[in-house]
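What follows is a single structure, written as structure tokens, with notes after it.
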Ligand SMILES: C[S@@+](CC[C@H](N)C(=O)[O-])C[C@H]1O[C@@H](n2cnc3c(N)ncnc32)[C@H](O)[C@@H]1O
């Protein structure tokens with residue numbers, strides 16, 4: 186798979202396939218609009234490498250949804266939701282339809298944002314912020330603020346399937362540092378990445394071959410005054426028995442991270 190491929194169409198295809206199942210884990214009414222032949226070819230390529238790929242992405246998305254809904258349902262002080270590398274995912278829109286006190290923002294490369302805008306129509310609820318977070322990282326916060334984002338307010342920020350596209354470990358650190366600075370106390374950050382020993386080397390040349398142990402991630406996160414609230418390997422977090430047969434093979438993991446409150450209470 187080439188890095189310049191429109192991989193948001195691949196995850197949209199997986200959401201479309203999911204909602205066609207009787208035991209679907211979620212619906213995405215827009216998914217079909219983004220599916221094309223390239224998406225089918227990308228899925229085939231991935232399944233040849235990793236026979237669990239479709240279910241890994243399905244379960245990953247369900248886990249992101251459940252985490253985000255958990256925080257929103259329990260914390261009315263969260264007033265902003267930001268998806269970075271949002272692709273053609275419409276979760277922010279779905280959330281805004283349910284929680285109308287929230288503001289929502291979706292960030293991706295300008296070509297992806299343009300395609301998404303052209304397909305979703307006027308009723309789409311979130312704000313689109315075109316920004317390449319590798320080559321134009323300094324524009325991220327000004328771009329969000331121009332659309333009404335307030336970094337004094339509590340947010341949920343998530344990036345699902347984005348960090349694999351970073352060029353190197355330093356870019357990941359710089360990116361997390363930038364995100365930490367735009368989070369107010371008690372904001373939540375959710376993202377996924379491969380964690381543990383491993384390598385893509387022979388199989389996959391287009392993803393960052395960055396397999397660090399949890400201790401490296403924890404140190405990087407804690408250096409930013411962030412703390413790991415939850416962590417788990419996606420195949421082991423799967424409660425729907427989609428990945429049971431593949432436990433131990435998939436390294437993809439989810440981090441749920443909080444920003445330290447200014448005055449800490451201890452127990
Ligand atoms: C695998 S897709 C995931 C899309 C979406 N989060 C989902 O789960 O369906 C990765 C997304 O990250 C975006 N992306 C990759 N590199 C990016 C960058 N440098 N800046 C902004 N977005 C980027 C891609 O355009 C793509 O939409």
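In this note's numbering, the protein residues as written are 186 to 452.
Glycine included, every Cβ here is placed at the ideal spot set by N, Cα and C.
Small disclaimer: the values here were computed from a predicted structure and weren't measured.
So that I know if they touch, is there some Cβ in chain D lying closer than 8 Å to that of residue 410?
Among the chains of the structure shown, chain D does not appear; only one protein chain is present.
Quick test of your reading: residue 196 and residue 316, contact by CB under 8 Å. State the CB separation rounded to the nearest angstrom.
The Cβ separation is near 19 Å, so there is no contact.
Our contact map puts residue 210 next to residue 425 with C-beta atoms below 8 Å; I'd like the distance itself, whole angstroms only.
So it is a contact: roughly 6 Å between Cβ atoms.
Could you check where the alpha helix (DSSP H) with residue 201 kicks off and where it finishes?
Start and end: 192-204.
Are residue 232 and residue 190 touching if we call contact CB-CB under 8 Å?
No, the Cβ-Cβ distance between residue 232 and residue 190 is not below 8 Å.
Taking the Cβ atom as the reference point for each residue, do residue 292 and residue 325 lie within a distance shorter than 8 Å?
A contact, by the Cβ cut-off of 8 Å.
Using DSSP with H/G/I as helix, E/B as strand and the rest coil, what is residue 320?
Residue 320: coil per DSSP, three-state reduction.
Take residue 332 and list the residues in its own chain whose beta-carbon comes closer than 7 Å to its own, dropping the five residues that flank it on each side.
290, 312, 314.
Classify residue 275 as helix, strand or coil using the three-state DSSP reduction.
Three-state DSSP puts residue 275 in coil, outside helix and strand.
Between residue 381 and ligand 1, is the CB less than 7 Å from at least one heavy atom?
No, the Cβ of residue 381 stays beyond 7 Å of every heavy atom of ligand 1.
Give the range of the beta strand (DSSP E) segment to which residue 413 is assigned.
Residues 411-418.
Could you give the DSSP three-state label for residue 291: helix, strand or coil?
Strand at residue 291.
So residue 345 packs on residue 234, CB below 8 Å; how close in whole Å?
Actually they do not touch by this definition, with Cβ atoms about 20 Å apart.
Give the DSSP bridge partners of residue 340, in chain order.
Answer is 265.
Kindly indicate the opening and closing residues of the alpha helix (DSSP H) around residue 328.
It spans 325-331 - the alpha helix (DSSP H) in which residue 328 sits, taken as one unbroken run.
Under the criterion of a Cβ to heavy atom distance below 7 Å, does residue 309 qualify as lining ligand 1?
No, the Cβ of residue 309 stays beyond 7 Å of every heavy atom of ligand 1.
So, with DSSP's three-state summary, where would you put residue 424?
Coil, per DSSP.
Could you have a look at residue 438 and say whether DSSP puts it in helix, strand or coil?
Residue state, collapsed to three classes: strand.
In this structure, does DSSP put residue 353 in helix, strand or coil?
Of the three classes helix, strand and coil, the one that applies to residue 353 here is coil, per DSSP.
Which same chain residues, not among the five before or five after residue 284, have their C-beta less than 6 Å away from its C-beta?
Contacts found: 257.
Could you say which of 265, 251, 238, 306 lies nearest to residue 286 if we only look at CA atoms?
The shortest Cα separation from residue 286 among 265, 251, 238, 306 belongs to 265.
Could you tell me if residue 438 is buried or exposed, where buried requires 16 or more neighbouring beta carbons within 10 angstroms of its beta carbon?
Per the 10 Å Cβ criterion, buried.
Does the distance between the C-beta of residue 246 and the nearest non-hydrogen atom of ligand 1 fall short of 7 Å?
At least one heavy atom of ligand 1 is nearer than 7 Å to the Cβ of residue 246, so yes.
CB residue 354 to CB residue 409, shorter than 8 Å?
No.
Assuming the contact rule is C-beta atoms closer than 8 Å, residue 351 and residue 319 should be a hit. Round their C-beta distance to whole Å, please.
About 7 Å; that satisfies the 8 Å criterion.
Thinking C-alpha only, which one of 428, 362, 432, 391 is nearest residue 442?
The shortest C-alpha separation from residue 442 is found at 362.
If we call anything under 8 Å between Cβ atoms a contact, is residue 372 one with residue 340?
Cβ atoms of residue 372 and residue 340: closer than 8 Å.
Please go through the same chain and pick out, in chain order, the residues whose beta-carbon is closer than 8 Å to the beta-carbon of residue 186, but skip the five residues on each side of it.
Low confidence applies to residue 186: its pLDDT is 49, below 50, so where it sits in the model is not reliable, and the reading given next is rough at best. Only 192, 227, 230, 231, 389, 391 meet the Cβ criterion.
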